[in-house]
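Residue numbers (the working numbering), protein chains in the order written: chain A, 111 to 223; chain B, 141 to 253. Have a look at the structure below, then the notes.
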């Protein structure tokens with residue numbers, strides 16, 4: 111089966127600019143997660159979707175980050191305006207919801223200068 | 141709340157030596173436990189998972205881990221290290237279902253020729 115697709119792979123922007131990341135999960139996976147991985151740290155959950163509804167966005171900085179999953183398939187994560195501390199790898203993952211399998215995409219590496 | 145502690149941010153072993161990466165967890169319910177590997181500039185790849193079946197779990201690339209409830213541990217081992225094992229390793233815990241993974245900070249494994 112095809113994996114979790116993410117784009118772009120790399121992005122460099124200046125602070126205060128906006129940026130968007132795209133994720134296409136594995137077909138049939140109802141649950142989608144966005145994680146932020148800062149260099150030298152483990153991934154941290156930003157937001158979880160179940161189909162097109164938000165399950166958990168408690169750790170999403172809502173003043174600058176937003177995410178949507180229209181039609182319960184693809185998802186986009188947006189940052190506006192970006193700060194230097196947003197430099198990180200943004201990972202998308204999907205799962206069937208059984209707790210036994212989470213598949214990660216290759217991530218988008220964001221550098222804010 | 142769940143959490144994972146990985147002891148040692150960096151482990152260095154000689155090629156052919158035993159690999160032991162330590163992970164302790166905290167969970168209020170029976171946990172689902174995972175080990176992921178991350179190679180440079182890549183996403184997370186599942187090595188193995190514990191989902192309340194056999195306590196000794198075998199994964200890919202010769203890795204295995206043992207769930208010890210009394211010690212709240214899920215240490216990752218491999219009898220003989222190979223140069224290709226050099227990577228970042230993450231332990232993660234979830235409550236099952238579609239609950240998100242909570243990651244440790246990671247352990248970087250170096251293999252010396």
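Yeah, the Cβ is synthetic: ideal placement off N, Cα and C, and Gly gets one too.
- Query: Less than 9 Å separating the beta-carbons of residue 269/B and residue 163/B?
  - Reply: The requested residue 269/B is not part of the displayed model; chain B covers only 141 to 253.
- Please specify which runs of the alpha helix (DSSP H), each continuous and at least 4 residues long, are wholly inside the stretch 112-168 of chain A, giving them in chain order. none
- Helix, strand or coil for residue 164/B per DSSP? As a position in the second chain, residue 164/B is number 24, starting the count at 1. DSSP places residue 164/B in strand when its eight states are reduced to three.
- Task: Compare the C-beta of residue 140/A with all C-beta atoms of chain B and state if any pair is closer than 9 Å.
- Result: Numbered from 1 along the first chain, position 30 holds the residue referred to as residue 140/A. Chain B contact via Cβ: present.
- Message: DSSP three-state label for residue 211/B, please.
- Response: Walking along the second chain from the start, residue 211/B turns up at place 71. The answer is helix: DSSP assigns residue 211/B an H, G or I state.
- Neighbour list for residue 215/A in chain B, Cβ cutoff strictly below 7 Å: Here the question's residue 215/A lines up with position 105 in the first chain. Here the neighbours are 183.
- Query: Beta-carbon of residue 163/A versus every beta-carbon of chain B: anything under 9 Å?
  - Reply: Reading the first chain from its first residue, position 53 is the one you call residue 163/A. Chain B contact via Cβ: absent.
- Query: Taking Cβ positions only, does residue 203/A come closer than 9 Å to chain B?
  - Reply: Residue mapping note: residue 203/A aligns to position 93 of the first chain, counting from 1. For residue 203/A, the answer is yes, since a Cβ of chain B falls inside 9 Å of its Cβ.
- Task: Starting from residue 150/B, follow the beta strand (DSSP E) in both directions and report where the run begins and ends.
- Result: Looking up residue 150/B in the second chain gives position 10. Where residue 150/B is concerned, the enclosing beta strand (DSSP E) stretches over 150-154.
- Message: Given this structure, state the Cα-to-Cα distance separating residue 215/B from residue 148/B, to the nearest angstrom.
- Response: Locating residue 215/B in the second chain gives position 75, where the first residue counts as 1. Locating residue 148/B in the second chain gives position 8, where the first residue counts as 1. Per the coordinates, the alpha-carbon of residue 215/B lies some 12 Å from the alpha-carbon of residue 148/B.
- If you count every other CB in all the chains shown that lies within 10 Å of the CB of residue 173/A, and 16 or more means buried, which is it? As a position in the first chain, residue 173/A is number 63, starting the count at 1. With fewer than 16 other Cβ atoms within 10 Å, it is exposed.
- Item | C-alpha gap between residue 163/A and residue 149/A, whole angstroms | Within the first chain, numbered from 1, the residue matching residue 163/A stands at position 53. Within the first chain, numbered from 1, the residue matching residue 149/A stands at position 39. C-alpha separation (whole angstroms): 30 Å.
- Using the beta-carbon count (16 or more within 10 Å), is residue 143/B buried or exposed? Along the second chain, one-based indexing puts residue 143/B at 3. Flag for residue 143/B reads exposed.
- Query: Does DSSP put residue 196/B in a helix, in a strand, or in coil?
  - Reply: Along the second chain, read from residue 1 onward, the residue named residue 196/B stands at position 56. Strand.
- Message: Tell me which residues share the same chain as residue 126/A and place their Cβ nearer than 6 Å to its Cβ, disregarding the 5 neighbours each side in the sequence.
- Response: Within the first chain, numbered from 1, the residue matching residue 126/A stands at position 16. The answer, listed in chain order, is 191.
- Residues of chain A with a CB under 9 Å from the CB of residue 249/B: which are they? Along the second chain, one-based indexing puts residue 249/B at 109. Simply none; closest approach about 15 Å.
- Query: Taking buried to mean at least 16 other C-beta atoms within 10 Å of its own C-beta, is residue 139/A buried or exposed?
  - Reply: What you label residue 139/A is simply residue 29 of the first chain in a count that begins at 1. When all chains shown are included, residue 139/A counts as buried.
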